[in-house]
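Read the structure below first, then the notes.
There are 2 protein chains.
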Amino acid sequence: MHRRHLVIHFLSMETRRADQIAVQLEELIFDGTFVDGQRLDEVRLAEHFGVSRTPLREALQRLALSGMVEMIPRRGAFVQQPGPVQLMEMFEVMAELEAACGRLAAMRITDSALGDLRAANAKCLAAVEARDSDSYYAENERFHRIIYQQSGNGFLEQETSKLHKRLKPFRRKQLRFRGRMAQSMAEHEAIVAALEDGDAARAEDTLRKHVAVQGEKFHILMASLKRAAE
Amino acid sequence: MHRRHLVIHFLSMETRRADQIAVQLEELIFDGTFVDGQRLDEVRLAEHFGVSRTPLREALQRLALSGMVEMIPRRGAFVQQPGPVQLMEMFEVMAELEAACGRLAAMRITDSALGDLRAANAKCLAAVEARDSDSYYAENERFHRIIYQQSGNGFLEQETSKLHKRLKPFRRKQLRFRGRMAQSMAEHEAIVAALEDGDAARAEDTLRKHVAVQGEKFHILMASLKRAAE
DNA sequence: GTCAACAATTTTGTATACAAGCCGGATCAT
DNA sequence: ATGATCCGGCTTGTATACAAAATTGTTGAC
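Keeping their order, the protein sequence lines are chains A and B.
Under numbering that gives the first Met the number 0, the residue at position 171 of the first sequence is numbered 170, and the numbers go up by one with no gaps.
Under numbering that gives the first Met the number 0, the residue at position 68 of the second sequence is numbered 67, and the numbers go up by one with no gaps.
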């Protein structure tokens with residue numbers, strides 16, 4: 000089933016115009032080209048992508064179901080960025096999902112995956128010392144994805160990955176906090192240790208806090224931005 | 000935002016044909032009219048619903064994104080019932096999500112919600128004694144939904160509800176285990192007690208086990224069915 | 001008899017055409 | 001002058017038409 004899904008995705012990239020458009024639209028919303036609340040005009044977008052309204056509507060509906068766009072019947076499609084409250088909620092769920100992954104992974108993780116985790120962590124550390132935030136970000140993601148996968152639950156891995164992707168643009172912003180990368184590294188070490196010991200409760204706890212703190216930092220960031228605006 | 004969503008849903012029920020069809024198709028897949036792996040012919044379904052292919056395709060895509068249908072480019076749409084493995088995975092995630100709801104609810108639940116829980120539980124008990132499995136089922140669902148809601152996290156509530164709904168047709172099957180309803184009732188009591196005490200860890204644990212056991216019972220059921228078939 | 005290649009048919013994906021509802025401006029009444 | 005109402009343009013939702021690809025059946029060769 001996994002393989003089949005990959006094949007679908009692969010084919011769809013090549014064959015169905017609607018899918019390509021969905022991906023591109025997603026990018027345009029992520030990078031802020033379309034601001035929150037903006038109406039997405041079907042005909043304008045259709046001619047922009049050089050297609051008719053039919054595949055474009057399909058792409059919009061896909062985004063609507065993933066929550067990035069709100070489709071109001073007979074009114075149109077509007078960009079829907081999560082507000083501060085919803086964002087905090089999503090971070091909280093992210094923390095719970097990762098905690099669940101960690102709990103299960105503690106019981107199921109393979110030795111080779113533990114090695115991969117340590118390798119990713121080492122590269123992470125190197126990136127921190129090199130002040131290479133892009134590289135840090137990439138390795139950090141690899142670290143977490145290994146844990147999702149080692150939960151041994153494909154469905155959980157899928158759901159967690161989905162939310163991870165959705166939170167990506169927001170997570171990035173809080174990385175710049177002073178000392179955050181170093182602290183994060185220490186937390187990674189603790190997580191690996193817990194997994195190595197097969198200590199489910201500790202893996203769950205450390206992971207939950209590790210992710211939850213991102214949400215809190217983000218909260219602080221939002222508050223400071225809001226204060227600055229007043 | 001909640002209200003806005005409700006309005007959308009309400010309007011869509013009236014105005015957009017595609018949405019109604021999506022709901023009806025969902026029903027047809029749930030109740031087994033369309034068996035697993037069956038190809039869903041667009042033209043046949045279109046004329047069955049008395050619409051053109053356009054809204055029908057939109058409905059299919061919606062089901063595809065919710066995972067009930069698999070759309071293979073240039074090949075068609077096929078019913079995709081979760082297999083035993085994926086089902087177990089989904090039950091496991093359900094257990095983790097409900098555990099998360101319980102953990103958060105233990106810290107946030109209101110007194111009136113605690114009262115609602117006890118009320119639902121009482122009706123549950125009455126249903127058990129009356130051997131009224133339908134009523135038991137309804138009140139059981141109410142019980143769990145209250146906990147989702149009392150997590151105080153709208154996003155978590157939404158995601159948990161989504162999976163709950165998806166697992167509904169499978170959960171039902173394992174209710175008939177001898178003594179399961181009584182055991183389930185005892186577990187409910189323990190859950191309420193944990194929530195009442197504001198004991199997050201206990202609420203998390205009891206809820207996880209309460210849901211996980213459903214998956215296990217289901218597993219046993221599947222195994223026995225498989226054995227009977229051989 | 002079996003396998004392969006090709007053609008015909010079916011089916012999906014996309015474009016265009018049509019219908020129906022919403023938005024804004026103009027007109028009219030108070 | 002202000003408010004409501006109605007009409008026209010514009011946008012969405014749906015139907016139909018067309019193009020491309022896949023499946024199936026047939027034919028031919030080995």
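Note that the Cβ used here is the ideal one computed from N, Cα and C, for glycine as well.
Following the continuous beta strand (DSSP E) through residue i, name the residue where it begins and the one where it ends.
i, result
"A/V68", "V68 to I71"
"A/G75", "G75 to V78"
Just curious, the alpha helix (DSSP H) that residue i is in, first and last residue?
i, result
"B/F154", "G153 to R170"
"A/V212", "A199 to A228"
"B/D133", "S132 to Q149"
"B/S65", "R52 to S65"
"A/V34", "From DSSP, A/V34 is part of no alpha helix (DSSP H); its letter is neither H nor E."
"B/Q182", "R179 to D196"
"A/R15", "Run containing A/R15: none; DSSP gives neither H nor E here."
"B/F176", "Note, B/F176: premise wrong, no alpha helix (DSSP H); not H, not E."
Apply the 10 Å Cβ neighbour rule to residue i and answer buried if 16 or more other Cβ atoms are within range, or exposed otherwise.
i, result
"A/R2", "Note on A/R2: pLDDT 37, under 50, position unreliable in the model; no value is reported."
"A/E156", "buried"
"A/I145", "buried"
"B/T159", "buried"
"A/G214", "buried"
"B/L38", "The question names Leu, yet the displayed sequence has Arg at residue 38 of chain B. When all chains shown are included, B/R38 counts as exposed."
"A/E26", "exposed"
"A/I219", "exposed"
"A/K216", "buried"
"B/L224", "exposed"
"B/M0", "In this predicted model, B/M0 has a pLDDT of only 35, less than 50, meaning its place in the structure is not dependable; the value taken from the coordinates is given anyway. Exposed: under 16 other Cβ atoms inside 10 Å."
"A/A227", "exposed"
"B/A222", "exposed"
With distances taken Cα to Cα, identify the nearest neighbour of residue i among the options.
i, options, result
"B/R74", "A/D115, A/G31, A/R74 and A/R15", "A/R15"
"B/G114", "B/R141, B/P54, B/L86 and B/I71", "B/R141"
"A/K167", "A/D196, A/E186 and A/D133", "A/D133"
"B/V92", "B/V22, B/K208, B/R177 and B/K122", "B/K208"
"A/R43", "A/A76, A/M87 and A/P72", "A/A76"
"B/T205", "B/M221, B/A125 and B/G101", "B/G101"
"A/D18", "A/G31, A/E46 and A/T53", "A/T53"
"B/E97", "B/F217, B/K216, B/A202 and B/V22", "B/A202"
"B/F154", "A/A121, A/V50, A/L86 and A/C123", "A/L86"
"B/A129", "B/E69, B/A181 and B/E188", "B/A181"
"B/R177", "B/F169, B/A119 and B/V127", "B/V127"
"A/V78", "A/M89, A/A99, A/I28 and A/L103", "A/I28"
"B/L116", "B/K164, B/L62, B/G66 and B/E188", "B/E188"
"A/Q80", "A/F169, A/R179 and A/V191", "A/F169"
"A/V34", "A/G82, A/R61 and A/A58", "A/G82"
"A/E195", "A/V210, A/E41, A/R165 and A/S111", "A/S111"
"B/T109", "B/S51, B/H47, B/R179 and B/Q149", "B/Q149"
"A/S183", "A/H143, A/L162 and A/M221", "A/H143"
Taking 7 Å as the cut-off, is the beta-carbon of residue i closer than that to any non-hydrogen atom of the ligand FMN?
i, result
"B/H218", "Among the components of this structure there are no ligands whatsoever, and the ligand FMN is therefore not found."
Counting only runs that start and end within the segment 94-128 of chain B, where is the alpha helix (DSSP H) found for 4 or more residues in a row?
Runs of the alpha helix (DSSP H) inside the segment 94-128 of chain B: 110-128.
Given a limit of 7 Å on CB to CB distance, which residues of the segment 67-100 of chain B reach chain A?
Listed by position, the residues of the segment 67-100 of chain B near chain A (Cβ gap below 7 Å) are I71, P72, R73, Q85, E88, M89, E91, V92, E95 and A99.
Determine which residues of the segment 155-180 of chain A have a Cβ less than 7 Å from any Cβ of chain B, and write them out in chain order.
Residues L155 and E158.
Please list, in chain order, the residues of the segment 27-44 of chain A that have any C-beta partner in chain B closer than 9 Å.
Residues passing the 9 Å Cβ filter: none.
Taking Cβ-Cβ distances below 9 Å as the criterion, which residues of the segment 204-220 of chain B are in contact with chain A?
Cβ contacts with chain A come from no residue of the segment 204-220 of chain B.
Contact set between the segment 129-158 of chain B and chain A, restricted to residues whose Cβ is under 8 Å from the partner:
Look at the segment 129-158 of chain B: the residues with a C-beta under 8 Å from a C-beta of chain A are N152, G153, F154, L155 and E158.
Residues in the segment 53-66 of chain A having any Cβ partner in chain B nearer than 8 Å:
Flagged, chain order: T53, R56, E57, Q60, R61, L64 and S65.
So if I threshold CB-CB distances at 7 Å, which residues from the segment 100-115 of chain A count as touching chain B?
Correct list: empty, as no residue qualifies.
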